[in-house]
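To keep things clear, I will list the structure first and then write my remarks on it.
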Amino acid sequence: MVDLNGQYQGIKNEVNSSITEILESSAFINGPYVHAFQKDLEEYLGVKHVIPCANGTDALQICMMGLGLQPGDEVITADFTFAATVEVIALLNLTPVLVDVEPDTFNIDPKAIERAITPKTKAIVPVHLFGQCANMDAIMEIADKHGLFVIEDNAQAIGASHTFNDGTKKKAGTIGHVASTSFFPSKNLGCYGDGGAIFTNDDDLAHTIRGMVNHGMYRRYYHDVVGVNSRLDSIQAAVLKAKLPNLDTYNKKRWEAAQKYTQAFADHPEIVTPKIANKCDVICENCDCHVFHQYTLRILSEKRDGLVQHLNDNGVPCGVYYPVPLHLQKAYTDTRYNESDFPVTNQLVKEVISLPMHTELDDDQIEFITNLVLDFVNDQP
Ligand SMILES: *Cc1c(COP(=O)(O)O)cnc(C)c1O
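Below, the structure written as structure tokens:
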């Protein structure tokens, strides 16, 4: 699904020399690379504060702690996402409220958000799924109207932008009140272990969160709030610092691979290619309206499971993200849900398949993969 070695070869000298420097200096925790990467990422995103932490799941949890959400507060998020999003809501004894998504973008449906709002609702967590921003025009409007926080789960869309209806453009993760991201190796900006970060333009919230990631300390050995221990280590920061200047190029390579997949499947009656909702001038310079963390097709003809098998039999990895809606996961069932609340997610889990997507895909590989898909779908009755 991913090929990380090609990227490594391109930054090998820089990564190896900075890791050697860290080994020689023994500054493994909070070393100079952590601060340097934080500053570089703030500049890249155009956001006032980046707070590095240990992983994307922690980042989400710390966002919710920083906002002061209290047990019983309701937090609305998508039924069709990775479980980390709902897990941290539940862990903090907040009440997760799962809602349906849109069939063409796979992102949270603003109309479903509005229907789920109650007097207890405190926050919305849009997940920018597969590399494309949720409908942030509508979501920010709903949040303003009801006085809700917006926490962007930006684990899958770093480097993407959202163009608002008025033409202004903002980077994913800089639109809501606070955002989280993950630097897990296979993410668009991945390190060589675990890592994550929180972004915000709010000075007070940034201050609160900086203490929370470090045991609630604002002064050494004075613990003002209950915090956690969540750090990005120096070695991961050095890897990320070397990769960040290449992020737009990496994302553009993903975009180009996606265009080739989409051309191969264009107008096929049984295959739906991913929709780009937020066109950046058709083909803009950075192609950053979708950064294709995953390239996800819908196979309409109940041939999805057979296709997964066929690709695997032919040595092509593929993924089903996600095979079970969160509202049907044992840990997250809730009597308040009705199956009729989730028609889209219930359908998508049967149809989606994600093809290999990374920065090293070449034309021969793409042709091999698209031919396998087309042959299977066309040959099966
Ligand atoms: C990867 C991911 C996370 C969690 O990130 P980790 O660094 O693995 O903890 C959270 N949300 C989404 C949508 C993700 O894809």
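Oh and the sequence shown: position 292 is 351 in my numbering, straight run, nothing missing. Idealized CB from N, CA, C, for every residue including glycine. Everything numeric in this text was worked out from a predicted model, so none of it was measured.
| Item | Value |
| --- | --- |
| Which value, in whole angstroms, describes the spacing of the CA atoms of G69 and T418? | 11 Å |
| Quick check: does the Cβ of G218 come within less than 8 Å of any heavy atom belonging to ligand 1? | no |
| Restricting to Cα atoms, I'd like to know which of A197, N166, E211 and Y67 is closest to A118. | E211 |
| When we look at the beta-carbon of Y309 and count the other beta-carbons within 10 Å, is it buried (16 or more) or exposed? | buried |
| Does the beta-carbon of L188, which I'm using as the reference point, lie nearer than 8 Å to any heavy atom of ligand 1? | yes |
| Please find out if some non-hydrogen atom of ligand 1 comes closer than 8 Å to the beta-carbon of S413. | no |
| So is the beta-carbon of I167 under 8 Å away from any non-hydrogen atom of ligand 2? | Annotation note on ligand 2: not contained in the displayed structure, which lists ligand 1 as its ligands. |
| Taking the alpha carbon of K312 as the reference point, which residue from T321, V109, V350 and D292 has its own alpha carbon closest? | V350 |
| Measuring only the C-alpha atoms, how far is N166 from L82? | 42 Å |
| Please specify which runs of the beta strand (DSSP E), each continuous and at least 3 residues long, are wholly inside the segment 160-221, giving them in chain order. | 180-184 and 208-212 |
| Less than 9 Å between the beta carbons of C192 and S220, yes or no? | yes |
| Hey, quick one: how far does the alpha helix (DSSP H) through F435 stretch, first residue to last? | D422 to D438 |
| Should D421 be counted as a contact of ligand 1 given a C-beta to heavy atom distance under 8 Å? | no |
| Apart from the five residues just before and just after E173, which ones in its own chain have a Cβ nearer than 7 Å to its Cβ? | I201 |
| Tell me whether the beta-carbon of K319 lies closer than 9 Å to the beta-carbon of D196. | no |
| Does the segment 72-91 come into contact with the segment 254-264, if we say contact requires no fewer than three beta-carbon pairs (one atom in each stretch) closer than 8 Å? | no |
| Whole angstroms is fine: what's the gap from K204's alpha carbon to I198's? | 10 Å |
| Examine ligand 1 and report whether any of its heavy atoms sits within less than 8 Å of the Cβ of R119. | Position check: residue 119 holds Leu in this sequence, whereas Arg was assumed. Answer for L119: yes, Cβ within range of ligand 1. |
| Can the beta-carbon of A142 be found less than 9 Å from the beta-carbon of Q388? | yes |
| Rounded to the nearest angstrom, what separates H274 and L291 at their Cα positions? | 14 Å |
| Could you have a look at H266 and say whether DSSP puts it in helix, strand or coil? | helix |
| Using 8 Å as the cut-off, classify the Cβ of F246 as near or not near the heavy atoms of ligand 1, replying yes or no. | For the sequence presented, residue 246 should be read as Lys rather than Phe. Yes, Cβ of K246 sits closer than 8 Å to a heavy atom of ligand 1. |
| Can you say whether T177 is buried or exposed, counting buried as having 16 or more other CB atoms within 10 angstroms of its CB? | exposed |
| Do you know offhand how far L433's Cα is from G252's? | 36 Å |
| At a cut-off of 8 Å, is F258 close to ligand 1 when judged by its beta-carbon and the heavy atoms of the ligand? | no |
| Pull up the distance between the alpha-carbon of V331 and that of P304, whole angstroms please. | 33 Å |
| Alpha carbon to alpha carbon, how far is F435 from P111? Give it in angstroms, no decimals. | 45 Å |
| I want to check one thing, is the minimum distance from the CB of T164 to the heavy atoms of ligand 1 below 8 Å? | no |
| Between the alpha carbons of L370 and I412, how many angstroms are there, rounded? | 11 Å |
| Measuring straight from C-alpha to C-alpha, what distance separates P185 and K229? | 15 Å |
| Apart from the five residues on each side of it in sequence, which residues of its chain come closer than 7 Å, Cβ to Cβ, to A171? | V158 and D159 |
| So, L126 versus A182, is the Cβ gap smaller than 9 Å? | yes |
| Please say whether A317 and P333 have beta carbons closer to each other than 9 Å? | yes |
| Report whether the distance from the Cβ of N310 to the nearest heavy atom of ligand 1 is below 8 Å. | no |
| Is any heavy atom in ligand 1 found nearer than 8 Å to the beta carbon of D434? | no |
| Compute the Euclidean distance between the alpha carbons of P415 and D163, then round it to the nearest angstrom. | 20 Å |
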